[in-house]
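Sequential numbering from 1 applies to the sequence shown in the UniProt record's numbering. Note that CB positions come from ideal geometry on N, CA and C, so glycine has one too.
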Amino acid sequence: MSVTSERFAGFDLFTNKNNLIDNSLDNSANYTFVAAGSAYIEVKDLGATGANVYPAGSFAGFAINDNTLLSAFGTVTITTYNSLSGTAAIETRTSSSLISTGIVSGVARAGFITSKPFDRIRIDFSALGAGTIRVYYAVVEKFCAGNPLVCNTRTPMVGSTYPVSGTTNIGIPAAIETTHTGVSGVSTYTVVNGDNVTDSDLTNYASIRSPLAVNVSGFSSVSLAIKDQSTTDYPAGTFAGFDIQNSEVVGVSLLSSTTIKTYLNGVVSETVSGASSLASVPLLTATGRQTVGFVTSQPFDEIQIVFSFPATVNAGETRIYSAVLKSLCAGPTIACSTSAVTPLTNTSFPVYINNSRTGTGSSLACVGCAINNADNVIDGSSAAPATISLGAAVSATARLSVANPIDTYPAESYIGFDIESSTLVGVSLLGRTRITLYNNGTAVQTGSGASLLAGATLLSGSRQTVGTIAQVPFDEAVIEFEQLVSANPLGTVNIYRAVIQKACVTPVTCNQTRFLNRPEFSSFIEGTRTGFFGTVSADLAGSSIQDPGNVISASTTDFARIRNVLGVGVTASISVADPADVYPAGTFAGYTISKANLPVSASLFSNLTVNTYLNGVLQESSATVGNLIDLSVFLQIFGGVPSGTLSNVGFVASKPFDEIQLEVGSFASALNFVDVYGAFIDTRYSVNAGGLVCNLNPDFNVTAKNAPVSGNVSTNDKTPAGTTYGTPVASANNPAGATITMTTSGAYSFTATNPGTYTLTVPVCSTGQTSCPLVPLIITVLDQFATANPPVANPDYASVQSSTATAASVTINVVANDGASNTGGTLNIPTIVTNPAHGSVSVNGSGNLVYTPATNFIGDDVLTYQVCETPGGQCALAQVTVHVLAPGGSTVSVDDDYAKTNPQQSVSGNVLTNDVGTGLTVSNPVTSITSSGTLVLTTTGSYTFTPAYGSTGPVSFTYTACDNSTTAVCGTATLHILVNPIPDLSPITYARPTSVYNNSDITVVVDVLELNLVATSGQITVRVTKDPKASLTFSPTATNVGNRSVQNSAWTFDNSNGNYYILRTNQPVAPGDRLSFGFTGTLAPGATTGVVTVSSVITGIAGEVKANNNIDADKIDYFQQ
């Protein structure tokens, strides 16, 4: 290194010139001006030759005493040279074009960005008066790429402090671009400390100042540009802007006079001007420090801000702290949540304040209108808000927009704003708020202007989240406040956060009561349908909606209070939406309210209306479908809150919906109001309603002891896809000795060793359901060998429509699927044992039950009847379940059937006898031949079943019956047939030889055969006829008689009867087997010729019922020789 100073009279004008190249940063070369004059000093790098020359794009300058002191001396010029080009200057910059950055107190770095290579730097001073110049060292900096931008992180375009050449850059290599920085026009504006914009201290700033307005026509323009001096280009989609502040301008839109430009390699890329296009905040009011800019659509490496003012306007001081970059990347995927909202913060999401839809306005002068610190809405803090004020303006609006240029949020999301206003506490406020959603710059959903804030006297606090359900995808949300008259000012509204919540799908299940305040459901207050509607006066006159958020809070004791005294045509509403779930037709939709302060009238709920919506579109209203129904009698009050003043009011919807709104009309007195605890739905009435079909019916089966029986409890149910059946739970009163297995599809297998009635309950669960309804399964087990079984009484079900007037009745042939259990038995007319809780029942002359529901009742009603068998007087009980449906529901009921027969005996009947419906026919007639037998089923319901030989026990067939309506309603049921598993015994008698002459030895053998392939049980008695000419002897030890195998030891012999030999045994005859006995003896014909007939008759039947084959005979011809 070498140092050269200007000389005078043989001496250097700068003392200690070599201090510029020593190792100290604190000493300097100095020159003192006694009067006006000039001097220079330069540094040359002797090693900067060839490839080591300093390249174009490097910073060349000096560390000198603070340039604020130098300004008094005159002009500073910095020049670069290159030995390869001789002694001529390569580039020269004077004071106005130099970049000056403070290093430490009193020391600044002055220089410029070169465009040509160099190896020598010179600084010239031209002084206007006395003073001292201090030069500490020469500075050369080669710019390297800065740190890459972090996704969705606000990054100032500043670098590190640069005390010496070669300091490692830890930020962005930014510098003032002097060619795009300065003033023009008729201007008194100046840029002061411009280089503060690029230093690492984010608390200092450049100032744009106008000491005085100029009383001439025209505009003043002042600009400042920051360029990344490395080779880095920032891609399209990057936010580019400036961190600015104006503490003096009140009520003036500074940004309307603001332009921001981006450049690439010195050429303009994009230009965005005015409040309608710039992002962030449109108004710089009070002390608001804001970041303004735009999301670029072209790459760039330089940002410029330009202010243009009329020359007659003094805008005061505008501070520029730094240029700001933000790499906008896709935000995290928002997982569904049933309770937690996600703040839309600019640290996690690529969100920004969209100035084009942010601001205030009025049809008249908007005096005092302001939006301050709008960036606070997206800064991640829930403590510091943006503030909105409309002063005393008339017909004024204020809007604030939060936009996302990359992500699109899905439909069914909840989008809201966390707001607060002190004027809402204890006073009536006529203000309106609306939320409008945009996608790609186009409005896709606009709220109806509901007055959620109107009179929302939130006595428990004025901070609440106001939001709406998105019915379509969106990427921007705008909240708007409207102030109609100055007499009811909006006051100051704080907006803390924008929040989003993706609703979770919670499967809608059968037979479910869902309270929409539970944390497992994604329920929201729908702001566009919550508030006052109609011709609302300027004074709310004491009307209010207090604490609307309590309607969806987890508490079952807090409530919202609606007070409406605004007169005819005005309604006050609260609306609760569950956007991810669609509740089907047939679902009850309602609210739990307190009726304690309603007007006493004949129609207690006359001022209340419940409406349903789907995707924001009105579906139905209780005002048109009929009066509100109060379910309080049989539906647990809102999570079990015990109160005699609460009611569950609503109606059964005939169309699907995802939102329920409660409207309250105007009361005559302010003493009347409604406390609203929450919304709820109930799917227990969704039977044959065209949506979620929730039709669970009781099941039965009949078998004999030790005879396995199978079935499927799902056959007669109508359930959504994915429904599962759980493990049956046996009643504690069941007989012992039963086992059952059941699959999740409802198929089961059951065996019992003891006769009796077995009651089991089966949980039936839709997908995701936890509290599952229980459905009874009744299995009757008969003792096939007993003669005093109780009758078979099977459960029944039917459907009927409810009515607000006199309800229709349904006639049920309950004994059609019952049966006598004993041979020759018949069933008597049934009698009622337990009356239904919600209707009446009688027995008509035909022995059928006639059920009539109570007025307005909807739900399941249960009654119990008894049927007895003659002879014997044995009785049995069964239940009847009646589904009382909402008006319009189909009442088709297809019930299970039962019949009993004996082996190889046909049985006939009609499966439609106990079904209910108009013009029912069997849709699947069939001739079915199985290993169990043959079933012939016709469309009229008549059937005949013939068991296959050797087949006994239970057998079942399913059928489907449909009514004759235009859109046929069908049901499926099961025909259960019990082929009584009883044995059939028949004797075969063998008398040998078949003819004799004179006195002869004879044998008689009787085989007792079982023909039904069923083992016998109990005693078997056989009588064998006696004849005077034949004398028979029974040997209890004999095993072979007349060359035939016998089991005499199994039999007891009784010879006491004069007409018969009587043999008895308790040994069972195996299925299809025989048990035999035999006699030996003599036949003495005497002097005659004739026939001896030996007959065997089975009289002890051992459980069999067929007796016409219980006798057999054989004969021996005898002759006199």
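| Check | Outcome |
| --- | --- |
| Which residues DSSP lists as bridging Leu598, in chain order | Partner(s): none; Leu598 has no beta bridge. |
| Run of the beta strand (DSSP E) containing Glu302, from where it starts to where it stops | 302-310 |
| Under the three-state DSSP convention, the category Ser85 falls into | helix |
| Asp783, enclosing beta strand (DSSP E) - first and last residue | Per DSSP, Asp783 belongs to no beta strand (DSSP E) and is neither H nor E. |
| Simplified DSSP state of His838, which is helix, strand or coil | coil |
| Cβ pair Lys705, Asp818 closer than 7 Å | no |
| Simplified DSSP state of Ile779, which is helix, strand or coil | strand |
| Proximal residues to Thr509 (C-beta, below 6 Å), its chain only, five neighbours per side dropped | Ser766, Gln769 |
| Val1116 versus Gly824 - alpha carbon distance | The sequence given here has Ile at residue 1116, not Val. Rounded to the nearest angstrom, the two C-alpha atoms are 40 Å apart. |
| Close Cβ partners of Thr938 (< 6 Å) along its chain, the five nearest in sequence each way excluded | Pro925 |
| Contact check, Ile500 vs Ile415, beta carbons under 7 Å | yes |
| Burial state of Asn404 (16 or more Cβ within 10 Å) | buried |
| Cβ-Cβ distance between Phe33 and Val135 below 7 Å | no |
| Separation of Asn246 from Glu270, as counted between CA atoms | 25 Å |
| Nearest-angstrom Cβ-Cβ length linking Ile552 and Val576, presumed shorter than 8 Å | 6 Å |
| Cutoff 6 Å; reference Ala738; Cβ partners in own chain excluding five residues on either side | Ala752, Tyr758 |
| Runs of alpha helix (DSSP H) lying entirely within the segment 693-759, each at least 4 residues, in chain order | none |
| Cβ contact check for the segment 828-843 and the segment 865-882: 3 or more pairs under 8 Å | yes |
| Met157 burial status per 10 Å Cβ neighbour count (16 or more: buried) | buried |
| Alpha-carbon to alpha-carbon, Ile495 and Arg434 | 14 Å |
| Reference Ser714, options Ala668, Leu774, Pro755, Gln661, closest by Cα | Leu774 |
| The beta strand (DSSP E) enclosing Gly1078, as first and last residue numbers | 1074-1083 |
| Inter-residue CB distance, Asn789 and Ile778 (contact presumed, cutoff 8 Å) | In fact, because the Cβ distance is near 16 Å, the residues do not count as touching under 8 Å. |
| Contiguous beta strand (DSSP E) assignments of at least 3 residues, all confined to the segment 923-969 | 926-930, 933-937, 942-947, 953-962 |
| Rounded Cβ spacing between Asn16 and Ala29 (contact assumed at less than 8 Å) | 5 Å |
| Whole-number beta carbon distance between Ser928 and Thr934, since they are thought to touch under 8 Å | 7 Å |
| Assigned exposure category for Gln661 - 16 Cβ within 10 Å defines buried | buried |
| Rounded C-alpha distance that separates Thr741 from Thr612 | 43 Å |
| Residue environment, Thr528, which counts as buried when at least 16 other CB atoms sit within 10 Å | buried |
| DSSP beta-bridge partners of Asn246 | Thr318 |
| Arg529 (DSSP reduced to helix, strand or coil) | helix |
| Per DSSP, cross-strand counterpart(s) of Cys329 | Paired residue(s): none; Cys329 is not in a bridge. |
| Three-state secondary structure assigned by DSSP to Asn999 | coil |
| As assigned by DSSP and simplified to three states, the class of Ser906 | coil |
| Buried/exposed call for Gln304, threshold 16 Cβ in 10 Å | buried |
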